[in-house]
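Right, one structure below, let's go through it.
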Amino acid sequence: MLKLSRLTDYAAVILAQIARHPEQPHAAAELAETVQLPHPTVSKTLKMLVKAGLLESRRGAQGGYSLARSASRITAIDIITAIEGPVAMTECSHAEGDCDLLATCGVSDNWQRVSLAVRTLLDSVTLAHLADTAPIKLPVQLPIQSVSLAVDTA
1 MLKLSRLTDY
11 AAVILAQIAR
21 HPEQPHAAAE
31 LAETVQLPHP
41 TVSKTLKMLV
51 KAGLLESRRG
61 AQGGYSLARS
71 ASRITAIDII
81 TAIEGPVAMT
91 ECSHAEGDCD
101 LLATCGVSDN
111 WQRVSLAVRT
121 LLDSVTLAHL
131 ADTAPIKLPV
141 QLPIQSVSLA
151 VDTA
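Residues in the sequence shown are numbered from 1 upward in steps of one, following UniProt numbering.
Following this line, the structure appears as structure tokens:
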């Protein structure tokens, strides 16, 4: 099964909560209570999101966590990458990928197309979309039909 980790899911939930109330900084304890997750899990997630540049933290009486940029400029792929690392379907589907079968497998180009289509779709979903309670309107036709790789010769 292809699925995101719980920590990535928690990161989206925490970020969505902050995005719904961007006018104020949020304390880790307050976020933990609001989203009903354990405080240590929320704290760990917040630190990862700060390190990835999605959140800013400020100490002191007026301190807390806030979005580093607007919710409409943070994408689902940003959130996933912050927690999971690069999004790719197979080892050879991302820049740092390495595969011993590359010369003989015959499917790497198509896996790269699938990976690019998934990344393109995730890049089109913003934190603002995720934080909204209305259903996201996704494209009927996925972008894989128009995906071209740098190595395409046709």
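Using N, Cα and C, we set each Cβ at its ideal position, and we do this for glycine too.
Secondary structure at Ser57: strand, using DSSP grouped into helix, strand and coil. Looking at the DSSP output, Leu67 bridges to Leu55.
For Glu91, there is no enclosing alpha helix (DSSP H), as DSSP marks it with neither H nor E. Look at His39 here: in three-state DSSP terms it is helix. The continuous alpha helix (DSSP H) containing Thr120 extends over residues 108-124. Taking a 10 Å sphere around the C-beta of Gly60, we find fewer than 16 other C-beta atoms and assign the residue as exposed. Under the DSSP assignment, His21 falls outside any alpha helix (DSSP H); it carries neither an H nor an E label.
Rounded to the nearest whole angstrom, the C-alpha separation of Arg69 and Thr104 is 44 Å. When only Cα atoms are considered, Ile18 and Lys137 end up about 22 Å apart.
Within the model, the alpha-carbon separation for Ser5 versus Thr90 is close to 17 Å. Under the three-state reduction of DSSP output, Thr104 falls in the coil class, being neither helix nor strand. Counting C-beta pairs with one atom in each stretch, the segment 41-61 and the segment 101-121 have fewer than three that are closer than 8 Å, which means they do not touch.
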